[in-house]
Amino acid sequence: MRQRGRHRRRRRGRALRAALTGAALGLTAAATLISVSQASVAEDPGALRPLAVSARSDELRLTEHRVPQPWLDRLSSAMGEPVGVGTVLDTADRPLREAADCTDDERQALPVAPAATRAYCWDEGETRGWQAGAVTTSGDADDDGRWGSRRVILSAWSREDDTPGAGLARVSFVDADDPEHLSYTSALLTVPVDGGDDYRGLDSPVTGMVWYQDKLLVTTGAGDRNALYVYDVDRVQRATTDTDAVGRVPGGWAAHGCRYVLPAVAAYRLPEVPGAARPEVLSLDRGTFPSSLVAGEWVTADEGRPTRLWRYALSTEPDRSGLPAADRAGHVDAREAYETEAVEVGGVLSYRPTGADRSRWYLGRAATGTEGRGTLWRQDAKGSRATTCGADRSHQCWSALPGSLSYWAETGEVWSQTGRVLFALPLAAVEKALD
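As structure tokens, then:
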């Protein structure tokens, strides 16, 4: 279970920040110079347009459904006592490769400007048939940047179509205590069924993910009426059988080859109204009070409509740790909403600098048409600006497949993932590239 270990924060924090400051990557020229003169400048999405949330409440509202406690207790009784994050990390024995050991193709997936200062690559064999998804960290989970005394990165993966177990999703727990030697192990995301006598796979791709307090909130694909599922990181269960099956099997419990199982404890359902907004991308904003869950939808270029961005307040009630704030009927309403002309947004981050009167929104957009790279924009109600690179000041400087954006306040870093590459860069470098 969780032990905060805050008395170690000052000593360890100074040493860690010193190590990270000197850990700039010696990325190859191919990773920093490619594709800077490709394509025309991406269309400027302009300023954010505020939306009246009262008028859009039916479109943005979610309804909470908790998994009955007896179901969870029955599953724990059958599978054995749940374990915590520390136990999971102690068994993290699969290494990530450092940037110098990544292939040229993997390094070329990194942003051109601003450049990553840290990058790690997943093993091709271990991730074959899996699609990389969202990233969150212990910097989201706790304001001191640690879970107990540990630094942790969580990376979501979804089983690709036309592969065994298509639709399954897992979360890799990365031990990030030593920046030079990251290792991980994985837990399958599941949903209790049959009164807690069994579980099924999530059966939906994970498109966004936030770890806040003891809860992990994940967004799901369009095939699921539930927009968000919630997992309790203190309720990790051990799988006992290493097979491709999922759930109760003769002789034990299986998790499609994963060592651990995370059973859902709650889900949040979309409203059954035209125009209901599905949160596809997700991040945490600690600059609001209370802290808020930032969400954005995925709108394709040919849909011809703006993209909605909004936020839900997170609860401050002791018995609702890590959950969105809900009324007595279980309704979760947006507290703020905007429209942007940016489309195909793969990552969203909201951050309010010290002394600023409003939050800045950062949007990672996918490559479109013949463009080989995506774009990174900063928007607010006054206008927008993109990072640029190359002699022609191209906006195509970000990764081609932009992933979620997660801000780690303790180190000042933004974490993201593109394909098999996990990377970080200082938010200050993003600001410098924009300004």
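Numbering (mature numbering (1 follows the signal peptide of the UniProt record, and there is no 0)), first residue to last: -42 to -1, 1 to 393.
Glycine is no exception: its CB is placed at the ideal position from the N, C-alpha and C atoms.
Every value quoted in this text rests on a predicted model; they were computed, and no experiment measured them.
First and last residue of the alpha helix (DSSP H) that includes residue 65?
Counting from 1 along the sequence shown, the entry for residue 65 is found at position 107. From DSSP, the alpha helix (DSSP H) with residue 65 extends over 62 to 66.
Using the DSSP secondary-structure output, state which residues sit across from residue 21 in a beta bridge.
Locating residue 21 in the sequence shown gives position 63, counting from the first residue. Answer by DSSP bridge pairing, in chain order: 227 and 289.
In the structure shown, what three-state DSSP assignment does residue 363 receive?
By 1-based counting over the sequence shown, the position of residue 363 is 405. Residue 363 falls in the coil class under three-state DSSP.
Please classify residue 331: is it buried, with 16 or more other beta-carbons within 10 angstroms of its beta-carbon, or exposed?
For the purposes of this step, residue 331 is taken as residue 373 along the sequence shown, with counting starting at 1. By the 10 Å Cβ count, residue 331 comes out buried.
Which of helix, strand or coil DSSP assigns to residue 373:
Taking the sequence shown and counting its residues from 1, one reaches residue 373 at position 415. Three-state DSSP puts residue 373 in a strand.
Identity of the residue in 351, 138 and 265 nearest residue 306 by Cα
By one-based count along the sequence shown, residue 306 stands at place 348. Nearest C-alpha to residue 306: 265.
Among 105, 75, 209 and 162, which residue has its Cα nearest to the Cα of residue 127?
Here residue 127 is taken as the residue at index 169 of the sequence shown, counted from 1. Closest by alpha carbon: 162.
Using CA atoms only, rank isn't needed, just tell me which of 325, 227, 279 and 124 is closest to residue 287.
Taking the first residue of the sequence shown as position 1, residue 287 is located at position 329. Nearest option by C-alpha distance: 227.
Distance, Cα to Cα, residue -11 vs residue 66?
Counting from one through the sequence shown, the residue named residue -11 turns up at place 32. Counting from one through the sequence shown, the residue named residue 66 turns up at place 108. Any reading at residue -11 is ruled out, since the residue's pLDDT is 38, under 50, leaving its predicted position unreliable.
Nearest-angstrom Cα distance between residue 335 and residue 298?
Taking the first residue of the sequence shown as position 1, residue 335 is located at position 377. Taking the first residue of the sequence shown as position 1, residue 298 is located at position 340. One C-alpha to the other measures close to 11 Å.
Please classify residue 231: is it buried, with 16 or more other beta-carbons within 10 angstroms of its beta-carbon, or exposed?
As a working note, residue 231 is residue 273 in the sequence shown. Exposed: under 16 other Cβ atoms inside 10 Å.
From this set, 179, 136 and 371, which residue's C-alpha is nearest residue 54's C-alpha?
As a first step, residue 54 must be located in the sequence shown, where it is residue number 96. Nearest of 179, 136 and 371 to residue 54, Cα basis: 136.
Own chain residues within Cβ distance below 7 Å of residue 168, not counting five before or after:
Locating residue 168 in the sequence shown gives position 210, counting from the first residue. Excluding residues within five positions, the ones whose Cβ falls inside 7 Å are 94, 98, 175, 240, 241, 242 and 251.
Check whether the Cβ atoms of residue 170 and residue 194 lie closer than 7 Å to each other.
What you label residue 170 is simply residue 212 of the sequence shown in a count that begins at 1. What you label residue 194 is simply residue 236 of the sequence shown in a count that begins at 1. Not in contact: residue 170 and residue 194 (Cβ atoms no closer than 7 Å).
Which parts of the region 161 to 227 are runs of the beta strand (DSSP E), unbroken and 3 residues or longer, counting only runs that do not cross its ends?
164 to 170, 173 to 178, 184 to 190, 204 to 207, 210 to 213 and 218 to 227
For the alpha helix (DSSP H) containing residue 45, name the first residue and the last one.
For the purposes of this step, residue 45 is identified with residue 87 of the sequence shown, where counting begins at 1. Here the alpha helix (DSSP H) through residue 45 covers 43 to 48.
Identify which residue in 132, 393 and 292 has its Cα closest to the Cα of residue 18.
Indexing the sequence shown from 1 puts residue 18 at position 60. It is 292.
How would you write the range of the alpha helix (DSSP H) that residue 36 sits in, first residue to last?
Walking along the sequence shown from the start, residue 36 turns up at place 78. That run of the alpha helix (DSSP H) goes 27 to 37.
According to DSSP, residues forming a beta bridge with residue 151
Start at 1 with the first residue of the sequence shown, and residue 151 comes out as number 193. Beta-bridge pairing links residue 151 to 156.
Once you ignore the five residues that flank residue 112 on each side, which residues in its own chain have a CB closer than 8 Å to its CB?
Here residue 112 corresponds to residue number 154 of the sequence shown, with the count starting at 1. Closer than 8 Å at the Cβ level, and outside the excluded window around residue 112, lie 93, 94, 95, 129, 130, 131, 132, 167, 169 and 174.
From what residue to what residue does the alpha helix (DSSP H) around residue 387 run?
The residue you call residue 387 lines up with position 429 of the sequence shown. Residue 387 -> alpha helix (DSSP H) spans 385 to 392.
Check for me: the alpha helix (DSSP H) holding residue 85 runs from which residue to which?
As a working mapping, residue 85 is identified with position 127 in the sequence shown. Where residue 85 is concerned, the enclosing alpha helix (DSSP H) stretches over 82 to 85.
May I ask which residues mark the beginning and end of the beta strand (DSSP E) holding residue 241?
In the sequence shown, counting from the first residue as 1, residue 241 sits at position 283. Taken as a continuous stretch (DSSP letters only), the beta strand (DSSP E) holding residue 241 covers 239 to 243.
In DSSP terms, what residue 114 is bridged to
Along the sequence shown, read from residue 1 onward, the residue named residue 114 stands at position 156. Beta-bridge pairing links residue 114 to 129.
With distances taken from CA atoms, which of 108, 31, 269 and 209 is nearest residue 8?
In the sequence shown, residue 8 corresponds to position 50, counting from 1. It is 269 whose Cα lies nearest to the Cα of residue 8.
What did DSSP end up calling residue 12 once you bin it into helix, strand or coil?
Within the sequence shown, the letter at position 54 stands for residue 12. Collapsing the DSSP output to three states places residue 12 in coil.
Selected residue, minimal CA-CA separation from residue 88, among 372, 214, 220 and 192
The count along the sequence shown starts at 1 and reaches residue 88 at position 130. Ranking 372, 214, 220 and 192 by Cα distance to residue 88 puts 214 first.
In the DSSP assignment, what residue or residues form a beta bridge with residue 89?
By one-based count along the sequence shown, residue 89 stands at place 131. Answer is 116.
Assuming residue 400 contacts residue 272 (C-beta within less than 8 Å), just tell me the rounded distance between them.
The structure shown does not extend to residue 400, since the chain spans only -42 to 393, so no value can be given for it.
Rank 110, 142, 149 and 37 by C-alpha distance to the C-alpha of residue 366 and give the top, closest one.
Sequence index remark: in the sequence shown, residue 366 carries index 408 (1-based). The option with the nearest alpha carbon to residue 366 is 110.
Would residue 106 be called buried (16 or more neighbouring beta carbons within 10 Å of its own) or exposed?
As a position in the sequence shown, residue 106 is number 148, starting the count at 1. Looking at its Cβ environment, which holds 16 or more other Cβ atoms inside 10 Å, residue 106 is buried.
Cβ-Cβ separation, residue 156 to residue 117 (assumed contact under 8 Å), whole Å
By one-based count along the sequence shown, residue 117 stands at place 159. By one-based count along the sequence shown, residue 156 stands at place 198. Going by Cβ atoms, the distance from residue 117 to residue 156 rounds to 20 Å, so no, they are not a contact pair.
What residue range does the alpha helix (DSSP H) around residue 59 cover?
Position 101 of the sequence shown, counted from the start, is the residue given in the question as residue 59. Per DSSP, residue 59 belongs to no alpha helix (DSSP H) and is neither H nor E.
To the nearest angstrom, how far is the alpha carbon of residue 104 from that of residue 260?
Sequence index remark: in the sequence shown, residue 104 carries index 146 (1-based). Sequence index remark: in the sequence shown, residue 260 carries index 302 (1-based). So the two alpha carbons sit approximately 42 Å from each other.
What residue from 80, 319, 388 and 313 has the CA that sits closest to residue 371's CA?
As a position in the sequence shown, residue 371 is number 413, starting the count at 1. Of the candidates 80, 319, 388 and 313, the one whose C-alpha sits nearest the C-alpha of residue 371 is 388.
For residue 102, which option in 152, 379, 310 and 244 has the closest C-alpha, if you only look at C-alpha atoms?
On the sequence shown, residue 102 is found 144 positions in, with the first residue counted as 1. Looking at the Cα atoms, 244 is the closest of the given residues.
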